[in-house]
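In what follows, a single structure is set out as structure tokens and then discussed.
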Amino acid sequence: MIKNIDEYVKKVEEASKYIKEQIKDNIDLAIVLGSGLETVLESVESPINISYENIPNFPKSTAPGHKGELIIGNIGSKKVLLMNGRFHYYEGYTMKEVTFPIRVMNEIGINKLIVTNAAGGMNPNFEKGIPCILTDFINFFGDNPLLGENNDNWGPRFPDMSEPFSKKMIEAALKSAKNVEEKVFTGVYLGITGPTFETPAELRMMRNFGADLVGMSTVPEVIVANHAGMEVLGISAITDMAIAEGLEKVTSDDVLEVAKNAGRKISKIIMDLINNM
1 MIKNIDEYVK
11 KVEEASKYIK
21 EQIKDNIDLA
31 IVLGSGLETV
41 LESVESPINI
51 SYENIPNFPK
61 STAPGHKGEL
71 IIGNIGSKKV
81 LLMNGRFHYY
91 EGYTMKEVTF
101 PIRVMNEIGI
111 NKLIVTNAAG
121 GMNPNFEKGI
131 PCILTDFINF
141 FGDNPLLGEN
151 NDNWGPRFPD
161 MSEPFSKKMI
171 EAALKSAKNV
181 EEKVFTGVYL
191 GITGPTFETP
201 AELRMMRNFG
211 ADLVGMSTVP
221 EVIVANHAGM
231 EVLGISAITD
241 MAIAEGLEKV
251 TSDDVLEVAK
261 NAGRKISKII
271 MDLINNM
């Protein structure tokens, strides 16, 4: 448990120092891989793998489909850090622990972030297995990673959230999807704690609130990245249709299987996006 902001800053600095010692070049951007989306790793050249267990103060990933390692390598001409295994609120971590890696990324000089996830599609026009570029989010966690004492060196006490996902990066991602001939949707992501999937009544409420997708991650990381002044792009793999009427049972195995196939599409989009940065 983190007692105060000074202790938290120290832990971030210790983790950042360790990672810096493992790499020689500046990193152009970071990618957080969602459940079952490891196919993006196939595009990484000359990878360096760092287990979370070896990084000082780093949490341990316990969720299915999350291996628990950083991969640093090249995608095209860019040096990229990939997070293969994120941390979820439902694993019992605090919000500051969930977002610890984002603080570390920013500390080592990364200012661009791509977050991916597996999500349920609530928009009836969506299709399972198709990527969705995120345009906004709704925080249904009932918590916020910025609660408590603020570190002014990291960001303002009251950060602006009028553009949580970079419009510039959204436009670039849509262009890349067209370049690689992959169909994509755009939509609003709603983040919940989990670990239970949603009831039909909850889905009706969320849809009425303006959400197109629902998932158990992403929102905390995007909040912290915005607080730190990072440019953020969000991409969801629509792994199931979370529509109240005719809702079918879903398991984590189902989600991972669809995410794996959708991950190949997301990988193509990300590859083109990075090569055209």
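All residue numbers for the sequence shown refer to full-length UniProt numbering, where the first residue is 1 and numbers rise by one.
Note that the Cβ used here is the ideal one computed from N, Cα and C, for glycine as well.
Cβ shell of residue i (< 6 Å), same chain only, five flanking positions each side left out
i, result
"GLY34", "THR116, ASN117, ALA118"
"VAL224", "THR99, ILE102, PRO145"
"ASN276", "none"
"LEU273", "ALA172, ALA173, SER176"
"ILE114", "ILE31, LEU233"
"LEU190", "ILE138, PHE140, MET206, ALA211, VAL214"
"ASP25", "LYS79"
"LEU247", "PRO200"
"ASN49", "GLU69, ILE71"
Close-in-space but distant-in-sequence residues of the same chain around residue i (CB under 7 Å, 5 per side omitted)
i, result
"TYR18", "ILE55, PRO56"
"PHE185", "PHE126, ILE130, CYS132"
"ARG264", "THR39"
"VAL180", "LYS268, ILE269, ASP272"
"TYR90", "THR193, GLY194, PRO195, MET216"
"residue 283", "Because residue 283 is not part of the residues shown, which for the chain are 1 to 277, the question remains open."
"ASN261", "GLY129"
"LYS183", "ILE130"
8 Å Cβ shell around residue i - same chain, five flanking residues per side excluded
i, result
"PHE100", "LYS11, VAL12, ALA15, ASN57, PHE58, PRO59, PHE87"
"GLU198", "GLY120, ILE192, MET206, VAL214, ALA242"
"TYR52", "PHE58, PRO59, LYS60, SER61, GLY68, GLU69, LEU70, GLY85"
"LYS168", "GLU231"
"PHE209", "ILE138, LEU190"
Cβ distance (whole Å) where residue i is taken to contact residue j below 8 Å
i, j, result
"VAL258", "THR239", "4 Å"
"SER236", "VAL40", "Not quite, the Cβ-Cβ distance comes to about 14 Å (not below 8 Å), so this is no contact."
"SER176", "ILE269", "5 Å"
"ILE82", "ILE23", "Correcting the residue identity first, residue 82 is Leu in this sequence and not Ile. Not really, about 13 Å apart at Cβ, beyond 8 Å."
"ASN74", "VAL44", "7 Å"
"GLY109", "ILE27", "7 Å"
"residue 278", "ASN226", "The first residue shown for the chain is 1 and the last is 277, placing residue 278 beyond what the model contains."
"ASN111", "GLU231", "6 Å"
"ASN106", "GLY187", "Going by Cβ atoms, the distance from ASN106 to GLY187 rounds to 27 Å, so no, they are not a contact pair."
"ASP143", "MET95", "5 Å"
Buried or exposed by the 16-neighbour rule on C-beta atoms within 10 Å, applied to residue i
i, result
"PHE126", "buried"
"ASN84", "buried"
"MET161", "exposed"
"LEU70", "buried"
"ASP253", "exposed"
"LEU147", "exposed"
"THR251", "exposed"
"ASP136", "buried"
"LYS249", "exposed"
"GLU97", "buried"
"PRO220", "buried"
"ALA228", "buried"
"GLY92", "exposed"
Those residues which DSSP pairs with residue i across a bridge
i, result
"MET241", "GLY121"
"GLU69", "SER51, ASN84"
"LYS27", "The amino acid at residue 27 is misidentified as Lys; the sequence shows Ile. DSSP, once it has assigned bridges, lists no residue as partnering ILE27."
"SER236", "ASN117, CYS132"
"PHE140", "Partner(s): none; PHE140 has no beta bridge."
"ASN74", "GLU45, LYS79"
"THR186", "ILE133"
Residue-chain proximity (residue i, chain C), Cβ-Cβ < 8 Å
i, result
"VAL232", "The structure shown contains no chain C; it holds only a single protein chain."
Enumerate, from N- to C-terminal direction, the unbroken alpha helix (DSSP H) stretches of 4 or more residues contained entirely within the stretch 189 to 231.
200 to 208, 219 to 227, all fully within the stretch 189 to 231.
Report the start-end ranges of each alpha helix (DSSP H) in the stretch 142 to 184 that is 4 residues or longer and not cut off at the edges.
DSSP runs (the alpha helix (DSSP H)) wholly in the stretch 142 to 184: 167 to 179.
Taking the runs of the beta strand (DSSP E) that are 3 residues or longer, which of them lie wholly in the stretch 81 to 112?
Within the stretch 81 to 112, no beta strand (DSSP E) run of at least 3 residues lies entirely inside it.
Ignoring anything shorter than 3 residues or poking outside the stretch 32 to 59, list the beta strand (DSSP E) runs there in chain order.
DSSP runs (the beta strand (DSSP E)) wholly in the stretch 32 to 59: 45 to 51.
Which residue spans inside the stretch 243 to 269 form an unbroken beta strand (DSSP E) run of at least 3?
Listed in chain order, there is nothing to give.
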